[in-house]
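Asker: Going by the numbering used here, the first residue of the sequence shown is number 617, and it counts up by one from there.
One structure follows; several queries about it will come next.
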Amino acid sequence: MASLLRSAAAAVNNKGMPSSFYSKDKPNPVFQSLDKEIKQFQAFIKKKNARGYQKPDEEAQSRP
Numbered sequence: 617m618a619s620l621l622r623s624a625a626a627a628v629n630n631k632g633m634p635s636s637f638y639s640k641d642k643p644n645p646v647f648q649s650l651d652k653e654i655k656q657f658q659a660f661i662k663k664k665n666a667r668g669y670q671k672p673d674e675e676a677q678s679r680p
């Protein structure tokens, strides 16, 4: 009985679509967000590695 209730509760909470639902016409929003974050990270790294880059005073440091 408990497992039946648990699976019913999981079915109610899982309202997302499976990855097979998405295609080129309907892109997956999770993958879109991931691609956006990867592009932002790559741009940040390119900026930090550019010649003449000076770290702002308010930028966090991992070491004192």
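Every residue, glycine too, gets a C-beta built ideally from N, C-alpha and C.
Rounded to whole angstroms, what is the Cα-Cα separation between Ile661 and Asn644?
Answerer: Within the sequence shown, the letter at position 45 stands for residue 661. Within the sequence shown, the letter at position 28 stands for residue 644. Between Ile661 and Asn644, the C-alpha separation is close to 26 Å.
Asker: What residue range is occupied by the uninterrupted alpha helix (DSSP H) comprising Asp651?
Answerer: As a working note, residue 651 is residue 35 in the sequence shown. Under the DSSP assignment, Asp651 falls in the alpha helix (DSSP H) whose first and last residues are 645-665.
Asker: What is the DSSP secondary structure of Ser639, reduced to helix, strand or coil?
Answerer: In the sequence shown, counting from the first residue as 1, residue 639 sits at position 23. Coil.
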